[in-house]
Structure formats: C-alpha cells, structure tokens
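K.L.:
Could you have a look at this structure, given as structure tokens, before my questions?
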Amino acid sequence: MATHRAVHTGLPEAAKRAPEPEAQKHENLDPRAELSEFLRTRRDRLRPADVGLPDYSRRRRVPGLRREEVAQLAGVSAAYYTRFEQGNARNVSREVVDAISRVLGLSDAEHAHLLRLAQPRRHPEVPLRQQVRPEVRELLAAMEGIPAYVWGRRSDVLAWNQTACAVFGDWTARAPQDRNWARITFLDPASRKLFTDWDTKARDVVGQLRLWAGLHPDDTRLASLIGELSMKNGDFRKLWAAHDVKNKTHGTMRLTHPLVGRLTLRYETLALPGDQDQYLSTYHAEPGSPSEESLRLLASWGADAVQDRAADTSH
C-alpha cells in the first residue's frame, strides 16, 4: 500500500515557490496595456483576405490587419480606433465594442473580455482566502467514484474528493500555495506526463488566468503569480504574451496515468452561483469504455489510500 503514495508528489525542491521579488508583490496589471496588447494580438492573427479586403502582401510592413483597416470595417475613424487600442478613448459605447469584436472575429469569451477591458469597473478588494461551504464538501464526498473538485480564483484548487486525488494527484501532499493549476501545469514536471495533450491544458490554464485578469486587474496576488511563472517557465511567458482568452466549460481530456495508463475523460464545469468565483469540475468516462474500468480501479485505489492514511495517523 505504501507505494501508492508515490504516484504523484508535490513540486520538486527546485520548483518550490520562491520568495517573491519586491517588484512583484504589489504590482497590479495595467488595464490599458492589457487592452492594447489584446487588440494587437487579435489583429495580428487575421489577414486582409479573412475580412474581405485585398491583400497586397509585399507592401505590408506589419503582420495581420492594420489599425486603419479595423477602423474602416468597424465604422469608426482611424484616429478614434487608435485612441481606443491605446486605452485613451473615453466612454466607449457597447456598439463600438460589438463592431470591433465582429471585425476581429472574437469568440464569446474574447468579446466579454474586451468589454471588461474597454469599460473597466472598480472592484472591491479581493479576499485573500476563499472558503468552500461545508455542504459543497459533503457533495464532493457523496460523489466518490466520480473525480470532482472545486476551484476558484487564479485557478486555485479549493476542495476535492479522493477519486480526484487518485486521478490528478494528491493535493493534500502539496503546500497550500501549490494547490494551483497554473503552478502544477508549468512548474511540476509530472504534469507533462499526466496530461497527454499538455499543450492544450497549458493554453486552457493561461486562458483562464487572462479571464481573471480582465475581471480583477487590481488583484496583486494574480500579478505575483504571473510574475513568478513568467520568471520560471518559458512556455508560460510565450502563452501569456499571446493574450488568448478561454473559458473552461466542458470537453474531453486525455491522460496518461502512472497506474492505469491511458484515460479519456469527459469533463463538465459548473459555476456555484452562491459562492463567488467558485466552480465545480467533474469527470466521467464513456459508459462501457476501457477508461470507465480504469476509473473504477482508481476510485478503489483512492479509497484504499484514505484507509492507509487513517491507519497511519492512528498509530
């Protein structure tokens, strides 16, 4: 039984959270810079032909659409769009944001993100710690056999059941500040083995952080997390600079688990309306599939691991 506990370990010593440099501790994200870079990266991914304009490629000095082309298609002046992209436009209307979103082909998540950046609102200070209601913890325990966990701000993992630990690793073995999907994904080498499509997982995690940054630009803890990951991981720096925005809702995840091998799981993410910025993620396998049997084995192993820990603490 003791070998079970070695399936996933915490962060290696070299990747343990280092003390934060003074420059990062109280630094907020600049909404104007966020808006400017977001729009620039959205323009860069388009070509004139994508929006029905002639493409004189040899004459173009910049990738993607020019500001003047976006302005023309959105029905605003080039000067106004330039001010808007630089974060200097005031009282930007919903109609203008909608028009620019349409021209740039933004997704629903990207459109919502642009609205938040273009029409920023002051938010109250974010509480340092999120609490999961006892009733939600009871729900997680009642769902044993189904991997489920609650996550919140900055991708922090807040609560979980044992089946989730059996699948993703024992969060109780990690320091509280390391129970965070961003740190796990980019700082724990084991994550690259566990997530078969690691690149997809990494993009999803960064996309979620971008959503949070748009909602709470004054979150100093988020700024610190981004600074830490940027210093320690080149893949994170590249993905963060892309300014892609994603909202995790549902989909399929492929894993390569050290005990049972390949797993294909379907996930659903549900917002907890009574608990601000908390979400419940559940995973299940296709009925009758090999993954369903593997998941059943992991659930049984998780229950055994709990009994082992209880026996250890009783001696």
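Its first residue numbered 1, the sequence shown is counted upward by one per residue in this note's numbering. Glycine is no exception: its CB is placed at the ideal position from the N, C-alpha and C atoms. Since we're looking at a predicted model, the values are computed, not measured.
In this structure, does DSSP put T269 in helix, strand or coil?
P.N.:
Strand, per DSSP.
K.L.:
Classify G248: buried if its beta carbon has 16 or more other beta carbons within 10 angstroms, exposed otherwise.
P.N.:
Per the sequence shown, the amino acid found at residue 248 is Lys instead of Gly. Per the 10 Å Cβ criterion, buried.
K.L.:
For L229, collect the residues of the same chain with a Cβ closer than 7 Å to its Cβ; drop the 5 residues on either side in sequence, then sort them by chain order.
P.N.:
If we look at L229 and ignore the five residues flanking it on each side, its Cβ neighbours are A182, F186 and F236.
K.L.:
Quick one, are the C-beta atoms of G274 and V245 less than 7 Å apart?
P.N.:
Contact: no.
K.L.:
On the DSSP letters alone, give me the boundaries of the beta strand (DSSP E) that R203 sits inside.
P.N.:
That residue, R203, is in no beta strand (DSSP E); its alpha helix (DSSP H) goes W198 to L215.
K.L.:
Decide if D199 is buried, meaning its Cβ has at least 16 other Cβ atoms within 10 Å, or exposed.
P.N.:
By the 10 Å Cβ count, D199 comes out exposed.
K.L.:
Taking all protein chains shown into account, do 16 or more other C-beta atoms lie within 10 angstroms of the C-beta of D170, making it buried, or fewer, making it exposed?
P.N.:
With 16 or more Cβ atoms within 10 Å of its Cβ, D170 is classed as buried.
K.L.:
Around the C-beta of W301, are 16 or more other C-beta atoms found within 10 angstroms, so that it is buried, or is it exposed?
P.N.:
Label assigned to W301: buried.
K.L.:
F38 and L114 look like a contact to me (Cβ under 8 Å); what is the Cβ gap, rounded to whole Å?
P.N.:
Confirmed, Cβ separation roughly 7 Å.
K.L.:
Going by Cα to Cα distance, which pick from D30, L29, A299 and L35 is closest to F168?
P.N.:
The shortest C-alpha separation from F168 is found at A299.
K.L.:
With DSSP run on the structure shown, which of helix, strand or coil describes H26?
P.N.:
Low per-residue confidence applies at H26: pLDDT is 40, beneath 50, and the placement is therefore not dependable enough to give any value.
K.L.:
Where R254 and H284 are concerned, what is the direct C-alpha to C-alpha distance, given to the nearest angstrom?
P.N.:
When rounded, the distance between both Cα atoms is 12 Å.
K.L.:
Return the CA-CA distance between L53 and N88, expressed in angstroms with no decimal places.
P.N.:
C-alpha separation (whole angstroms): 27 Å.
K.L.:
Does DSSP put S107 in a helix, a strand or coil?
P.N.:
Residue state, collapsed to three classes: coil.
K.L.:
Do L65 and L35 have their C-beta atoms closer together than 7 Å?
P.N.:
Going by C-beta atoms, L65 is not nearer than 7 Å to L35.
K.L.:
Taking all protein chains shown into account, do 16 or more other C-beta atoms lie within 10 angstroms of the C-beta of R90, making it buried, or fewer, making it exposed?
P.N.:
The residue is exposed, with fewer than 16 neighbouring Cβ atoms inside 10 Å.
K.L.:
Would you tell me roughly how many angstroms separate the C-alpha atoms of G105 and V97, rounded to the nearest one?
P.N.:
C-alpha separation (whole angstroms): 12 Å.
K.L.:
In three-state terms, what does DSSP make of A148?
P.N.:
DSSP places A148 in strand when its eight states are reduced to three.
K.L.:
For the beta strand (DSSP E) containing A159, name the first residue and the last one.
P.N.:
V157 to W160 is the span of the beta strand (DSSP E), which, as asked, contains A159.
K.L.:
Does the Cβ of D30 have 16 or more other Cβ atoms within 10 Å, making it buried, or fewer, making it exposed?
P.N.:
That one is exposed.
K.L.:
In chain order, what residues of the same chain lie with their CB nearer than 8 Å to the CB of S191, ignoring the 5 residues before and after it?
P.N.:
I184, T185, W198 and K201.
K.L.:
Hey, is V103's beta-carbon within less than 7 Å of any beta-carbon in chain B?
P.N.:
As a matter of chain content, chain B is missing from the structure shown, which is built from one protein chain.
K.L.:
Which value, in whole angstroms, describes the spacing of the CA atoms of S294 and L209?
P.N.:
Cα-Cα distance, rounded: 31 Å.
K.L.:
Could you work out which residue in D219, A33 and L297 is closest to R129 when comparing CA atoms only?
P.N.:
The option with the nearest alpha carbon to R129 is D219.
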